[in-house]
Every structure is written in C-alpha cells, then in structure tokens.
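Numbering (the working numbering), first residue to last: 199 to 616. Notes follow the structure.
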C-alpha cells in the first residue's frame with residue numbers, strides 16, 4: 199500500500215520575514231505602506247493576499263494601478279511569485295486575457311484593473327463571495343484624490359460573516375506635496391495604519407545589495423533619504439511647473455493646424471530605464487501634448503526595437519541619445535531607419551530646458567512615468583544647500599528624451615543639441 203506524502207509545513211517567519219507584523223495582523227480599513235526600494239512591501243502585500251484568500255472563504259481581491267497595461271509586469275507577477283513562494287501552485291490558475299488569478303478550490307478570484315478605464319471598475323463583480331480586499335499599487339501615480347475616492351467606493355456592500363474590508367496602499371514617497379501624505383500620514387483617521395519600511399528590514403539582501411545602499415548614502419544623500427530610508431522626498435525648485443494632466447483625444451489634437459510629432463529616446467540598462475518620449479507639438483500655440491511613453495530597465499537593443507514596433511512608432515523620426523552610437527546603429531539595422539543621434543551644442547541642457555519652459559505641457563494620464571519625473575525634476579543644490587543652475591541627476595530620463603525630441607523645433611533642423 200502506497201503511503202500518503204506528508205503535507206509540507208510552511209512557517210510564516212521563514213516566508214515573510216520581519217518588519218511587517220502589524221501590517222499582517224491589522225483589521226483596519228486602510229493599510230498604507232510607503233517604503234524604500236528593496237523594503238519587501240510589494241512581496242509582503244502579495245503574500246498577504248494569497249494567504250488571506252485561501253484562508254477566508256468568499257474573499258476576493260481587486261488590484262489596481264493607474265494604467266491597466268502596467269499590471270502584468272508588476273502586481274500580477276508579484277502575486278504569481280507569492281503563489282510559488284507558498285508552494286500552492288496546484289491550487290491556483292493564472293489567466294492573461296483578462297488578467298486574473300483564480301483559487302481553483304473555491305473559485306475565488308484576484309482581479310486586475312486600471313483607473314484609465316472607469317467603466318471596468320463600475321461593472322466589476324465576482325461569482326463567489328464578495329470583493330473585500332483592494333490593493334492600490336504605485337498609489338503615487340494617482341495625482342487626484344477624487345480618483346482614489348472613486349476607487350475606494352468600489353469596495354462596498356455587506357460582507358459574509360468572517361470577512362472585512364481592507365484597502366492596501368503601497369508606494370515610494372518621492373514628493374512630500376502629494377495628497378497621500380496629508381490624508382494618511384499627517385491627519386490619519388482611527389481606521390488607518392500608516393507605516394514606513396526600508397531595506398534594513400529585508401533580511402534576504404546580500405552584501406552586494408547592501409553595498410548599493412551604502413554607496414547611495416555616501417554619494418547621493420538626497421536619493422538615499424527616499425529610495426533608501428523611505429522618507430518623504432522634499433521637492434524644491436521644480437524645473438517645469440508649466441504642465442497639467444489631462445485626458446485628451448489624440449485624434450482631436452492631430453487636427454491642430456501646425457501640429458507635428460516629436461519622439462525622443464534616452465538609453466538605459468541596469469540602473470536607469472530606457473525612456474521613449476512620444477509627443478505632439480504646436481509651435482504656434484506653444485503646447486506639447488505627451489500621449490505615450492516607454493520606460494523599462496534591462497532592455498537590449500532588440501527588445502527596445504520590439505517594444506517600439508509593438509507601440510507602432512518604428513517608422514517615426516526618433517532623436518536618440520548621441521552617447522550611444524552603437525545602439526543607434528543597431529536600431530537602424532533592425533528596421534528603425536529614421537532614428538538619429540541628438541546633436542550637441544554649447545549649454546545644450548539649459549537651452550533645451552529654457553525653450554521647453556515657454557510651452558504648456560499637457561500630459562495624458564496613461565503617461566505615469568512622465569508625470570512622476572516632471573513632478574520631481576528639479577534644480578540641484580550645492581553643499582551649502584543653495585540652488586545651482588544644474589538639474590538633479592535623477593527623474594531625468596523622459597525629461598532628457600523630451601529635450602532630444604524638441605531639438606529641431608527649438609533650434610531648427612540645422613543646429614540641435616544634446
């Protein structure tokens with residue numbers, strides 16, 4: 199007779215680690231976690247949702263980011279990681295069209311939606327139980343508090359016995375002017391758990407990981423304060439204040455008489471993202487319409503080409519960072535025949551910034567990385583805390599790409615800048 203295999207025992211402390219005890223146990227409605235990079239906030243949130251859905255019959259979850267297209271490579275991937283981490287793969291099925299995770303034993307679900315399609319949020323429902331858990335990731339991208347209130351209202355109605363409502367909010371605290379700070383950290387209600395975590399509570403980082411933070415602490419204290427310690431970023435001396443977020447119709451923009459396209463590409467790889475700026479510009483009206491973007495790390499030239507082709511911009515004239523001539527030549531070889539290097543000029547960065555400051559920058563809500571950068575792109579300071587005439591060396595990837603894209607418009611086709 200064949201013996202039954204003993205069930206594998208899993209201990210929470212071995213899976214979750216330290217630093218999140220209250221996060222794990224609280225029954226408050228709002229659990230708001232701002233954290234540094236490598237603080238485990240996303241992995242812990244993913245584990246929490248998988249465990250709670252498996253333990254509580256009828257519990258379902260909704261996972262939201264500002265744009266739906268960003269979910270597959272972020273929250274969806276983290277939740278699949280959590281399923282593997284807990285060794286419960288056989289109990290879950292994963293779907294991609296639409297994104298969905300299903301607990302096969304009961305039919306409970308984790309659904310994924312973007313705030314860019316409100317109709318999908320208003321009509322959301324489940325066959326088993328109720329949606330009682332909401333995870334709002336990269337909440338920093340939600341610039342309007344009213345949008346969050348609309349999302350919060352999706353978790354409503356009477357729940358079956360034993361269930362409770364919880365909204366988990368995770369983000370990096372880049373800007374201390376954000377409404378999240380005032381609402382959940384400065385004046386929290388009794389129904390809020392607001393917490394800050396950082397890399398120091400992550401016992402699974404190795405020496406090389408820790409050295410990155412120590413080097414950051416030494417070489418870039420300003421960034422270390424936010425990306426290392428999870429503290430609020432103080433944004434002073436914004437370079438661009440001439441912008442607004444607006445859900446415009448690109449087809450209507452194309453009807454503007456002198457409108458023209460402008461594409462710029464800034465290369466990155468390990469630490470910095472590759473950034474593609476996609477804009478429409480009216481020189482007469484002094485308006486820049488930002489309608490799309492590409493923003494990813496670790497991309498080879500072949501991946502850059504494939505993503506730009508998928509977006510439909512392969513045949514566009516794209517002005518790229520001239521510091522990467524080999525990458526530009528490779529993209530041309532692959533089929534992006536109109537990509538060309540940005541041309542250098544004296545005081546090119548300041549000239550480009552000065553020219554763009556004369557324009558109104560109108561940003562489509564889908565361009566979340568552009569919104570984050572432009573809201574944090576500021577003048578640097580010297581060791582005495584005095585502002586200097588040089589931008590900080592961060593939040594500048596799409597900003598640089600925008601400068602490249604604007605070079606012909608600002609200086610004409612014969613002379614341009616980097």
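Note that beta-carbon positions come from the ideal geometry of N, C-alpha and C, so glycine has one too.
Does the distance from the C-beta atom of residue i to that of residue j stay below 9 Å?
i, j, result
"residue 529", "residue 499", "yes"
"residue 513", "residue 505", "no"
"residue 390", "residue 227", "yes"
"residue 364", "residue 481", "no"
"residue 230", "residue 446", "no"
"residue 491", "residue 564", "yes"
"residue 366", "residue 279", "no"
"residue 554", "residue 600", "yes"
"residue 236", "residue 276", "no"
"residue 428", "residue 395", "yes"
"residue 558", "residue 430", "no"
"residue 355", "residue 325", "no"
"residue 436", "residue 576", "yes"
"residue 308", "residue 259", "yes"
"residue 418", "residue 592", "yes"
Between which two residues does the beta strand (DSSP E) containing residue i stretch?
i, result
"residue 564", "Note, residue 564: premise wrong, no beta strand (DSSP E); not H, not E."
"residue 517", "516-518"
"residue 589", "585-589"
"residue 597", "Looking at the DSSP string, residue 597 is not in any beta strand (DSSP E); the run it does join, the alpha helix (DSSP H), is 595-609."
"residue 539", "537-539"
"residue 485", "485-494"
"residue 391", "390-395"
"residue 343", "Premise fails: residue 343 lies in the alpha helix (DSSP H), 343-350, not in any beta strand (DSSP E)."
Can you give the Cα-Cα distance for residue i and residue j, rounded to whole angstroms?
i, j, result
"residue 409", "residue 488", "37 Å"
"residue 606", "residue 234", "39 Å"
"residue 405", "residue 412", "10 Å"
"residue 402", "residue 242", "13 Å"
"residue 361", "residue 250", "10 Å"
"residue 517", "residue 272", "29 Å"
"residue 352", "residue 320", "7 Å"
"residue 610", "residue 574", "29 Å"
"residue 434", "residue 588", "13 Å"
"residue 369", "residue 570", "12 Å"
"residue 350", "residue 449", "32 Å"
"residue 560", "residue 602", "18 Å"
"residue 400", "residue 318", "36 Å"
"residue 583", "residue 338", "27 Å"
"residue 535", "residue 472", "19 Å"
"residue 596", "residue 566", "11 Å"
"residue 340", "residue 300", "27 Å"
"residue 439", "residue 549", "17 Å"
"residue 479", "residue 562", "14 Å"
"residue 486", "residue 407", "40 Å"
"residue 358", "residue 373", "39 Å"
"residue 522", "residue 533", "17 Å"
"residue 384", "residue 371", "14 Å"
"residue 477", "residue 468", "26 Å"
"residue 398", "residue 218", "12 Å"
"residue 214", "residue 414", "26 Å"
"residue 515", "residue 212", "52 Å"
"residue 604", "residue 281", "46 Å"
"residue 421", "residue 581", "15 Å"
"residue 614", "residue 538", "For residue 614, the predicted structure reports a pLDDT of 39, less than 50, and the residue's modelled location is therefore unreliable. The matter cannot be settled from this model."
"residue 444", "residue 590", "26 Å"
"residue 551", "residue 442", "17 Å"
"residue 240", "residue 503", "30 Å"
Can you name the start and end residues of the alpha helix (DSSP H) that residue i belongs to?
i, result
"residue 553", "546-554"
"residue 249", "239-253"
"residue 451", "448-451"
"residue 301", "Here residue 301 belongs to no alpha helix (DSSP H); instead the beta strand (DSSP E) covers 297-301."
"residue 316", "316-320"
"residue 506", "499-509"
"residue 412", "405-417"
"residue 279", "273-283"
"residue 223", "219-223"
Please report the Cβ distance between residue i and residue j, rounded to the nearest whole angstrom; I am assuming they are in contact, meaning their Cβ atoms lie under 8 Å.
i, j, result
"residue 598", "residue 586", "With 8 Å as the limit, residue 598 and residue 586 do not qualify as a contact, their Cβ atoms being about 18 Å apart."
"residue 463", "residue 519", "7 Å"
"residue 303", "residue 289", "6 Å"
"residue 269", "residue 310", "5 Å"
"residue 475", "residue 461", "7 Å"
"residue 221", "residue 393", "6 Å"
"residue 257", "residue 327", "6 Å"
May I ask whether a heavy atom of the ligand COA can be found less than 8 Å away from the beta carbon of residue i?
i, result
"residue 496", "Among the components of this structure there are no ligands whatsoever, and the ligand COA is therefore not found."
Compare the C-beta of residue i against all C-beta atoms of chain C and say whether one is closer than 9 Å.
i, result
"residue 245", "No chain C appears in the structure shown, which is made up of a single protein chain."
I'd like to know if the segment 254-265 and the segment 299-318 are in contact, where contact means that at least 3 CB-CB pairs between them fall below 8 Å.
yes
At least three beta-carbon pairs within less than 8 Å, the segment 328-341 to the segment 288-300:
no
Examine the Cβ distances between the segment 337-347 and the segment 365-378 and report whether three or more of them are shorter than 8 Å.
yes
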